[in-house]
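Sequential numbering of the sequence shown, starting at 44, is according to this note's numbering.
Built from N, CA and C at the ideal position, the CB exists for glycine as well.
What follows is a single structure, written as structure tokens, with notes after it.
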Amino acid sequence: MQKKIIITGGAGFIGSHVVRRFVKNYPNYLIVNLDKLTYAGNLANLRDIENEPNYEFVKGDIVDADFVNELFAAEQPDAVIHLAAESHVDRSITNPIDFVMTNVVGTVVLLNAARNTWKGRYDQTRFYHVSTDEVYGTLGEDGMFTETTGYDPHSPYSASKASSDHFVRAYHDTYGMDAVVSNCSNNYGSFHFPEKLIPLAINNIKQNKPVPVYGKGENIRDWLWVEDHARAIDVIFHKAKAGTTYNIGGHNEWKNIDLIRLLCHIMDKKLGRREGESEKLITFVTDRAGHDLRYAIDASKLKAELGWVPSITFEEGLERTVDWYLANQVWLNDVTSGHYQQYYNEQYANR
Ligand code: NAD
Ligand code: TYD
Numbered sequence: 044m045q046k047k048i049i050i051t052g053g054a055g056f057i058g059s060h061v062v063r064r065f066v067k068n069y070p071n072y073l074i075v076n077l078d079k080l081t082y083a084g085n086l087a088n089l090r091d092i093e094n095e096p097n098y099e100f101v102k103g104d105i106v107d108a109d110f111v112n113e114l115f116a117a118e119q120p121d122a123v124i125h126l127a128a129e130s131h132v133d134r135s136i137t138n139p140i141d142f143v144m145t146n147v148v149g150t151v152v153l154l155n156a157a158r159n160t161w162k163g164r165y166d167q168t169r170f171y172h173v174s175t176d177e178v179y180g181t182l183g184e185d186g187m188f189t190e191t192t193g194y195d196p197h198s199p200y201s202a203s204k205a206s207s208d209h210f211v212r213a214y215h216d217t218y219g220m221d222a223v224v225s226n227c228s229n230n231y232g233s234f235h236f237p238e239k240l241i242p243l244a245i246n247n248i249k250q251n252k253p254v255p256v257y258g259k260g261e262n263i264r265d266w267l268w269v270e271d272h273a274r275a276i277d278v279i280f281h282k283a284k285a286g287t288t289y290n291i292g293g294h295n296e297w298k299n300i301d302l303i304r305l306l307c308h309i310m311d312k313k314l315g316r317r318e319g320e321s322e323k324l325i326t327f328v329t330d331r332a333g334h335d336l337r338y339a340i341d342a343s344k345l346k347a348e349l350g351w352v353p354s355i356t357f358e359e360g361l362e363r364t365v366d367w368y369l370a371n372q373v374w375l376n377d378v379t380s381g382h383y384q385q386y387y388n389e390q391y392a393n394r
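Below you can see the structure in the form of structure tokens.
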């Protein structure tokens, strides 16, 4: 094996796409997926590659320093791609401590294990931290987030991610660790847990249930197809200079209400419903506390320096995503019923 990479959070939405991409495209890398399998972690997301010879799964909590230190000492990884996190803003409003533990403490535990393992070898190792555009706070009607925009997080989720970004950069600046950070806009695509806007809306429209739109639906997000994010991570991992940051985004801003209307239109078509039928499910509900108005990413540095641009349009990506959810009803049923959590016990009980 040329390289051993620990990918954290590989059983989650984005992590599973990154793991799949690396396992398939780099047969000379050994990919170790480290995941606690919280409610958001689902090994069914990786069933197509779970038996590949260059893939291993390790169940564990990144907050547990003894466990993480032992894992690093045993595995001697060459790199970490860190995606494990609590990722849902609404959950962070209900339970901020979980976010501090996993996103802040967990990141520092990983950094420290990497530091202990890699001392004197920083030129041959890399810590890649996957972060969000939400650290930059909110925009008014104009402007975009660039890599030099000041941090101004508002939710417990974005505050915890901002803190973790600072720690990663501190390990680069203080200890000389080769670390890179990327901040990406909202992702969508297959294997997305149906608590987030797009998969939740697809699931509810399909079942003829109300589609909850927070406030007036005027908030704007910049959406990127998850496989384009995974490709950007691949490019940055291989090409970025130590200590650099890249913003990743699709130049694709949508008001929530317009996005939901487009989704209703696609679903009417796919389900053979009369045009306008699904829109009747739209239900305006109480706004999220501290709801950021607008996110928009300027990804021109990534394009200019590393040549990355999104591969598909939003309309195409959304249609593919709807098709995937309609074709994967068993996955959706298992996730919404909690059944998928039994999979680990069944699969790994005797290993
Ligand atoms: P997700 O919630 O779908 O998955 C998170 C994964 O981390 C799960 O598999 C979970 O089991 C694992 N995990 C959670 N706590 C853990 C712990 N203590 N130890 C080990 N594993 C743990 O998240 P996602 O949407 O795939 O996001 C992945 C990363 O990308 C996060 O760091 C997130 O902040 C970032 N990000 C997400 C988006 C987005 O739109 N979803 C956008 C930009 C950046
Ligand atoms: P979400 O998918 O939770 O991502 P984030 O908050 O990290 O951007 O939400 C996307 C947008 O959709 C956000 O403005 C909140 C809004 N939203 C709704 O209107 N209804 C919902 O049921 C959810 C989950 C989100």
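_Between the alpha carbons of D277 and E184, how many angstroms are there, rounded?_
Within the sequence shown, numbered from 1, the residue matching residue 277 stands at position 234. Within the sequence shown, numbered from 1, the residue matching residue 184 stands at position 141. About 32 Å.
_Runs of alpha helix (DSSP H) wholly within the stretch 124 to 189 (minimum 4 residues, chain order)_ = Runs found: 132 to 137, 139 to 142 and 149 to 161.
*Tell me, please, which residues DSSP counts as bridged to N290.*
Numbered from its first residue, the sequence shown carries residue 290 at position 247. According to DSSP, residue pairing for N290 in a beta bridge involves N226.
_Host beta strand (DSSP E) of P255 (start-end)_ = The sequence position of residue 255 within the sequence shown is 212, counting from 1. It spans V254 to Y257 - the beta strand (DSSP E) in which P255 sits, taken as one unbroken run.
_Could you tell me the alpha carbon to alpha carbon distance between I57 and V269, rounded to whole angstroms?_
The residue labelled residue 57 in the question sits at position 14 within the sequence shown. The residue labelled residue 269 in the question sits at position 226 within the sequence shown. Cα-Cα distance, rounded: 6 Å.
*Under the criterion of a Cβ to heavy atom distance below 6 Å, does N371 qualify as lining the ligand NAD?*
Here residue 371 is taken as the residue at index 328 of the sequence shown, counted from 1. For N371, the Cβ stays outside the 6 Å cut-off from all heavy atoms of the ligand NAD.
_Am I right that V66 and I92 are in contact with their C-beta atoms under 8 Å? What's the rounded C-beta distance?_
Reading the sequence shown from its first residue, position 23 is the one you call residue 66. Reading the sequence shown from its first residue, position 49 is the one you call residue 92. Yes, they are in contact, since the Cβ atoms of V66 and I92 sit about 5 Å apart, within 8 Å.
*In angstroms with no decimal places, state the Cα-to-Cα distance between V111 and D104.*
Sequence index remark: in the sequence shown, residue 111 carries index 68 (1-based). Sequence index remark: in the sequence shown, residue 104 carries index 61 (1-based). Each residue's alpha carbon lies about 8 Å from the other.
_Considering only heavy atoms of the ligand NAD, does any lie closer than 6 Å to the CB of G52?_
Here residue 52 corresponds to residue number 9 of the sequence shown, with the count starting at 1. Yes, since a heavy atom of the ligand NAD falls inside the 6 Å radius drawn around the Cβ of G52.
*Outcome for G149 when other beta-carbon atoms lying within 10 angstroms are tallied against a minimum of 16*: Start at 1 with the first residue of the sequence shown, and residue 149 comes out as number 106. Buried, by the Cβ-count rule.
_Local Cβ density within 10 Å of I340, reported as buried at 16 or more and exposed below that_ = Working through the sequence shown from its first residue, we reach residue 340 at position 297. Residue environment for I340: buried (at least 16 other C-beta atoms within 10 angstroms of its C-beta).
*At which residues does the alpha helix (DSSP H) containing Y368 begin and terminate?*
By 1-based counting over the sequence shown, the position of residue 368 is 325. It spans F357 to A370 - the alpha helix (DSSP H) in which Y368 sits, taken as one unbroken run.
*At which residues does the alpha helix (DSSP H) containing L86 begin and terminate?*
Position 43 of the sequence shown, counted from the start, is the residue given in the question as residue 86. From DSSP, L86 is part of no alpha helix (DSSP H); its letter is neither H nor E.
*Give a single yes or no on whether N230 has its beta carbon closer than 6 Å to a heavy atom of the ligand NAD.*
Taking the sequence shown and counting its residues from 1, the one referred to as residue 230 is at position 187. Yes; taking the cut-off as 6 Å, the Cβ of N230 has a heavy atom of the ligand NAD nearer than that.
*Neighbourhood of P139 by C-beta, 7 Å cutoff - its chain only, sequence neighbours within 5 removed*: In the sequence shown, residue 139 corresponds to position 96, counting from 1. Counting only Cβ-Cβ distances below 7 Å, and skipping sequence neighbours, we find P199.
*Just the Cα atoms here: how many angstroms apart are A213 and I245?*
By 1-based counting over the sequence shown, the position of residue 213 is 170. By 1-based counting over the sequence shown, the position of residue 245 is 202. Computed Cα separation, rounded: 41 Å.
_At the level of alpha carbons, what is the spacing between W297 and A370?_
One-based indexing of the sequence shown puts residue 297 at position 254. One-based indexing of the sequence shown puts residue 370 at position 327. Whole-angstrom Cα-Cα distance: 26 Å.
*Test item: CB-CB of R64 and A202 under 7 Å*: Start at 1 with the first residue of the sequence shown, and residue 64 comes out as number 21. Start at 1 with the first residue of the sequence shown, and residue 202 comes out as number 159. At the C-beta level, R64 and A202 stay beyond 7 Å of one another.
*asked:* I want to check one thing, is the minimum distance from the CB of G183 to the heavy atoms of the ligand NAD below 6 Å?
replied: Translated into the one-based positions of the sequence shown, residue 183 becomes position 140. No; taking the cut-off as 6 Å, the Cβ of G183 has no heavy atom of the ligand NAD nearer than that.
_Just checking L305 against the ligand TYD - is the residue's beta carbon closer than 6 Å to any of the ligand's heavy atoms?_
Position 262 of the sequence shown holds residue 305. Relative to the non-hydrogen atoms of the ligand TYD, the Cβ of L305 never comes closer than 6 Å to any of them.
*Determine the closest residue to I355 out of T364, S225 and A222, with distance taken between C-alpha atoms.*
Locating residue 355 in the sequence shown gives position 312, counting from the first residue. With distances taken between Cα atoms, I355 lies closest to T364.
*Enumerated in chain order, which unbroken segments of the alpha helix (DSSP H) with a length of 4 residues or greater are wholly contained in the stretch 303 to 364?*
Runs of the alpha helix (DSSP H) inside the stretch 303 to 364: 343 to 349.
*Please say whether I50 and I124 have beta carbons closer to each other than 7 Å?*
Residue numbering aside, residue 124 sits at position 81 when the sequence shown is read from its first letter. Residue numbering aside, residue 50 sits at position 7 when the sequence shown is read from its first letter. I50 is positioned such that its CB atom lies closer than 7 Å to that of I124.
*Using the C-alpha atoms, what's the distance from N247 back to L375?*
Translated into the one-based positions of the sequence shown, residue 375 becomes position 332. Translated into the one-based positions of the sequence shown, residue 247 becomes position 204. Taking the straight line from one Cα to the other gives about 11 Å.
*Exposed or buried, which one is P96 when buried takes at least 16 other CB atoms within 10 Å?*
In the sequence shown, the residue the question calls residue 96 occupies position 53. An exposed status is given to P96, since fewer than 16 other beta-carbon atoms sit within 10 Å of its beta-carbon.
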